[in-house]
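Novice:
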Amino acid sequence: MSSGSWAGACLAFLPSSHRNSRFLPWPGSFRARSVAPGPARGAPAASPGWAAQAAAHTSHRVPGAPSLAKTPGSSSPSCARAHPGPSATSSPSLATPGMGTPNLPGQFQGLSSLSMEEFLLLSSRCQRVLSQLCTAVSNLNINDVLGNYSLTLIDALDTLAVMGNSSEFQKAVKLVIDTVSFDKDSTVQVFEATIRVLGSLLSAHIIITDTKQPFGDMTIKDYDNELLHLAHDLAVRLLPAFENTKTGIPYPRVNLKKGVPPDSHNETCTAGAGSLLVEFGILSRLLGDSTFEWVARRAVKALWSLRSNNTGLLGNVVNIQTGHWVGKQSGLGAGSDSFYEYLLKSYILFGEKEDLEMFNAAYQNIQNHLRRGREACNEGEGDPPLYVNVNMYTGQLMNTWIDSLQAFFPGLQVLIGDVEDAICLHAFYYAIWKRYGALPERYNWQLQAPDVPFYPLRPELVESTYLLYQATKNPFYLHVGMDILQSLEKYTKAKCGYATLHHVVEKTKEDRMESFFLSETCKYLYLLFDEENPVHKSGNKFMFTTEGHIVSVDERFRNSLWEDILPGQEGSAPKTKPTELKAANFSSNCNRVPDERRYLLPLKSNYMRQIDRMVGLI
Ligand code: DMJ
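Oh and the sequence shown: position 387 is 400 in this note's numbering, straight run, nothing missing.
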């Protein structure tokens, strides 16, 4: 997630001299004294900090916590994410001829010049091995993300555009048009198909039809809206998920040919069911057909209505027929993450004030119940701020792990201007990265060890790093990006691509490269170092979907061409124009990083050391 334009809005507060900083070397480790734990944010001074609470939370094997031994699925049962991309027959290259990237670190130039053929070959090999494994063992990493519809090729389209590689973008688009069909007896996850495939098709369509062509000539000769038609076809095939559900919350999976499988279970996760509005809304508004936005919005509102009366929090797994919470964990990671992200992003894109109202209330509830540690990131005493997993009804701690997906949250905080708090959470995740050269899927902050040790090349830390750099222009974040890049090169590079780390301590690899590596991880890394990219130019307003696909923020998505009323729209307030957009309560917070700290550590060194110590780095 992220937004060039909204990060850009923060950027507007910075003096221009601070917008041109280049990579600087950065000191590595520090030694320091210990800092005593302090009160939770907003809590009385006497209350123990989260580290102290951790000590009181004695069970190391908390209910629902995974075993350390094996690599389990990455999220709640209905929202397991996995898989490399599929095979394809073309050989587009990710190289960017003529892009002129003299300022990019050498390693990054290598990354951007990798051939897509290599990636796709690797994916093909992965598929064969995985399908053999699938029949032999029960491996939760093997699920239905792949779809057998050229996932990686589709998911990577706008990365080629962002890198300015028009010839390969055009080649890849034509390949998709000529070869991709969704008329398949293939069962897919509605969420993954939406964010990875539908979102990418829409993004590429928007890029192709953009009259300004900011990324160079990305037009396609004789283009007849084929990608929009493909997106429409896919979305129609996903619609059965929204039928025969008593709450309006969709089934997690559909078969592209036959609809909801007869043996479908009725449980889904909050993120999976409630993060469809951006893609479905764009499709509706491009087609002038409210159906898609209607079903997606109804799902969001149904989930929202099920929040706890006591805390205002949502759980992570819900029964779509009864509306009962099956998973009562409220957190910011797997099963929940993009639900919050899309409340804000839907508002940014469509200007519907109810989306902002839901987001603001959710953010406040998160602050009240999930956030532990000292009040201010860069002031006072106590544990560093951390967002923990709690029971949605009581706000009580449920376990002592955080997952790598939650590393997206600082980026969302940048988007609303809560930059100071973003700095602290990002610093915690970066410390974990420094320790392992990757982020374990789950890290247990009580044990100071991975609970789930694999790293499937996820983008979230890079994403937040990029957005924090856009907001602060502090070269520290270029240093973080370099560090991440070097670890990727050192530990994950494989013969024909980049491989999932099976175990972040042992550095063993899996034959698996997720499609989001190209759509997000590479894109955010590239953008971090490419200061002159069109995404960063004022006048080009882009928002990133949760899968990192760029969509333009413009008037056309604020105009609904239909007459019928969307759920909850009765008597709703007038829409906000893009130029009027402000994140309520946080409008001036971009200015909160004082000048004198922009070229120093974004977090005071004693707090940095405190975090390093808490993850066992020193
Ligand atoms: C991506 O598919 C999306 O960012 C999603 O919202 C959660 N994270 C994965 C990558 O880790």
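C-beta atoms are modelled at their ideal positions from N, C-alpha and C, and glycine is treated no differently. Nothing here was measured: the structure is a model prediction, and the numbers come from that model.
Quick check on the burial criterion: 16 or more other C-beta atoms within 10 angstroms. Buried or exposed for S179?
Specialist: Along the sequence shown, one-based indexing puts residue 179 at 166. The residue is buried, with at least 16 neighbouring Cβ atoms inside 10 Å.
Novice: Whole angstroms is fine: what's the gap from D350's alpha carbon to E256's?
Specialist: In the sequence shown, counting from the first residue as 1, residue 350 sits at position 337. In the sequence shown, counting from the first residue as 1, residue 256 sits at position 243. Between D350 and E256, the C-alpha separation is close to 25 Å.
Novice: Tell me which same chain residues have a C-beta within less than 7 Å of the C-beta of Y406, skipping the five on either side of it?
Specialist: Your numbering for residue 406 matches position 393 in the sequence shown. Around Y406: S321, N323, T324 and K341.
Novice: Can you tell me whether DSSP reads W338 as helix, strand or coil?
Specialist: Taking the first residue of the sequence shown as position 1, residue 338 is located at position 325. Looking at W338 - three-state DSSP - the assignment turns out to be strand.
Novice: Could you tell me the boundaries of the beta strand (DSSP E) in which C282 lies?
Specialist: The residue you call residue 282 lines up with position 269 of the sequence shown. Run containing C282: E280 to C282, per the beta strand (DSSP E) assignment.
Novice: Would you say the beta carbon of I415 comes nearer than 7 Å to a heavy atom of the ligand COA?
Specialist: With respect to small molecules bound, the structure shown includes the ligand DMJ and not the ligand COA.
Novice: If you reduce the DSSP assignment to three classes, tell me which class Y236 lands in.
Specialist: Indexing the sequence shown from 1 puts residue 236 at position 223. Of the three classes helix, strand and coil, the one that applies to Y236 here is coil, per DSSP.
Novice: For a test of the three-state rule: what should DSSP assign to S104, helix, strand or coil?
Specialist: Taking the first residue of the sequence shown as position 1, residue 104 is located at position 91. Any reading at S104 must be qualified, since the residue scores a pLDDT of 29, below 50, and its modelled position is unreliable; no value is offered.
Novice: Thinking C-alpha only, which one of R298, R266, L300 and I333 is nearest K259?
Specialist: On the sequence shown, position 246 is the one that residue 259 refers to. Of R298, R266, L300 and I333, the residue nearest in Cα terms is I333.
Novice: Shorter than 7 Å, the distance from the beta carbon of I208 to the closest heavy atom of the ligand DMJ, or not?
Specialist: Walking along the sequence shown from the start, residue 208 turns up at place 195. Result yes, Cβ under 7 Å from the ligand DMJ.
Novice: Count the C-beta pairs between the region 463 to 475 and the region 499 to 517 that are closer than 8 Å, then say yes if the count reaches three, no if not.
Specialist: Yes: the two stretches touch, three or more of their Cβ pairs being nearer than 8 Å.
Novice: Check the DSSP bridge columns for Y456 and list the partner residues they point to.
Specialist: Against the sequence shown, residue 456 aligns to sequence position 443. Bridge partners of Y456: I415 and P463.
Novice: Could you work out which residue in P580, E502, P472 and W307 is closest to G294 when comparing CA atoms only?
Specialist: Reading the sequence shown from its first residue, position 281 is the one you call residue 294. Per the Cα distances, W307.
Novice: Whose C-beta lies closer than 7 Å to the C-beta of D434 among residues of the same chain, with five residues either side of it excluded?
Specialist: Mapped onto the sequence shown, residue 434 falls at position 421. Answer for D434: C390, P398 and Q426, listed in chain order.
Novice: Who are the Cβ neighbours of T558 in its own chain at under 6 Å, not counting the five residues just before and after it?
Specialist: Numbered from 1 along the sequence shown, position 545 holds the residue referred to as residue 558. For T558, where only same-chain residues beyond five positions count, the Cβ hits under 6 Å are G212 and V291.
Novice: List the residues that DSSP assigns as beta-bridge partners of Y400.
Specialist: For this step, residue 400 is matched to residue 387 along the sequence shown. R384.
Novice: Just mark P463 as buried or exposed, buried being the case when its beta carbon has 16 or more other beta carbons within 10 Å.
Specialist: Looking up residue 463 in the sequence shown gives position 450. So P463 ends up on the buried side.
Novice: Which one of Y449, E523, N268 and P227 has the shortest CA to CA distance from S277?
Specialist: Within the sequence shown, residue 277 is the residue found at index 264, counting from 1. Nearest C-alpha to S277: N268.
Novice: What are the boundary residues of the alpha helix (DSSP H) that includes R471?
Specialist: Numbered from its first residue, the sequence shown carries residue 471 at position 458. Looking at the DSSP string, R471 is not in any alpha helix (DSSP H), and its letter there is neither H nor E.
Novice: How should L124 be labelled, buried or exposed, when 16 other C-beta atoms within 10 angstroms of its C-beta is the threshold for buried?
Specialist: Taking the sequence shown and counting its residues from 1, one reaches residue 124 at position 111. Here L124 scores only 43 on pLDDT, less than 50, and its place in the model should not be relied on; the value that follows carries that caveat. Answer is buried; the Cβ neighbour count reaches 16.
Novice: If distances are taken between C-alpha atoms only, which option among P423, D246, V203 and I221 comes closest to K234?
Specialist: On the sequence shown, residue 234 is found 221 positions in, with the first residue counted as 1. Out of P423, D246, V203 and I221, I221 has the C-alpha closest to the C-alpha of K234.
Novice: Beta carbon of P615: closer than 7 Å to some heavy atom of the ligand DMJ?
Specialist: Against the sequence shown, residue 615 aligns to sequence position 602. Not under cutoff, so the answer is no.
Novice: Any contact of the region 234 to 247 with the region 547 to 561, i.e. 3+ C-beta pairs under 8 Å?
Specialist: In short, these stretches do not touch, since the Cβ pair count stays below three.
Novice: Within 10 Å of its beta-carbon, does L613 have 16 or more other beta-carbons around it, so buried, or fewer, so exposed?
Specialist: Within the sequence shown, residue 613 is the residue found at index 600, counting from 1. So L613 counts as exposed.
Novice: Please report the distance separating the alpha-carbon of V193 from that of L579.
Specialist: Residue mapping note: residue 193 aligns to position 180 of the sequence shown, counting from 1. Residue mapping note: residue 579 aligns to position 566 of the sequence shown, counting from 1. If I take the Cα positions, the gap works out to 32 Å.
Novice: I want to check one thing, is the minimum distance from the CB of D350 to the heavy atoms of the ligand DMJ below 7 Å?
Specialist: What you label residue 350 is simply residue 337 of the sequence shown in a count that begins at 1. It does: the Cβ of D350 is within 7 Å (strictly closer) of some heavy atom of the ligand DMJ.
Novice: Ordered along the chain, which non-local residues of its own chain (more than five positions away) have a Cβ less than 7 Å from that of E473?
Specialist: Residue numbering aside, residue 473 sits at position 460 when the sequence shown is read from its first letter. Once the five neighbours on either side are set aside, the close Cβ partners of E473 are S417, L418, A420 and F421.
Novice: Report yes if the C-beta distance between R266 and T200 is below 8 Å; otherwise report no.
Specialist: Here residue 266 is taken as the residue at index 253 of the sequence shown, counted from 1. Here residue 200 is taken as the residue at index 187 of the sequence shown, counted from 1. Cβ distance < 8 Å, so R266 and T200 count as in contact.
Novice: Nearest to D625 by CA position, among E280, H439 and L316, is which residue?
Specialist: Counting from 1 along the sequence shown, the entry for residue 625 is found at position 612. D625 has its Cα closest to that of H439, out of E280, H439 and L316.
Novice: When the distance is taken between beta carbons, is V203 closer than 8 Å to I167?
Specialist: Start at 1 with the first residue of the sequence shown, and residue 167 comes out as number 154. Start at 1 with the first residue of the sequence shown, and residue 203 comes out as number 190. Their beta carbons are not under 8 Å apart, which means I167 does not touch V203 by this criterion.
Novice: Measuring CB to CB, does F228 end up less than 8 Å from P547?
Specialist: As a working note, residue 228 is residue 215 in the sequence shown. As a working note, residue 547 is residue 534 in the sequence shown. Their beta carbons are under 8 Å apart, which means F228 touches P547 by this criterion.
Novice: Using DSSP's beta-bridge definition, name the partner residues of R266.
Specialist: The count along the sequence shown starts at 1 and reaches residue 266 at position 253. Beta-bridge pairing links R266 to Q202.
Novice: Should S318 go down as buried or exposed, given a rule of 16 or more other Cβ atoms within 10 Å for buried?
Specialist: Within the sequence shown, residue 318 is the residue found at index 305, counting from 1. By the 10 Å Cβ count, S318 comes out exposed.
Novice: Between Q461 and the rest of its own chain, which residues show a CB-CB distance below 8 Å, the 5 nearest in sequence each way excluded?
Specialist: Here residue 461 is taken as the residue at index 448 of the sequence shown, counted from 1. So the list reads M627, V628 and G629, once near-sequence residues are dropped.
Novice: Can you give me the C-alpha to C-alpha distance between S565 and G344, rounded to a whole angstrom?
Specialist: Sequence index remark: in the sequence shown, residue 565 carries index 552 (1-based). Sequence index remark: in the sequence shown, residue 344 carries index 331 (1-based). Near 30 Å, if we compare the C-alpha coordinates of G344 and S565.
Novice: Does the distance between the C-beta of F422 and the nearest non-hydrogen atom of the ligand DMJ fall short of 7 Å?
Specialist: Residue 422 sits at position 409 when you count from the first residue of the sequence shown. The answer is no for F422.
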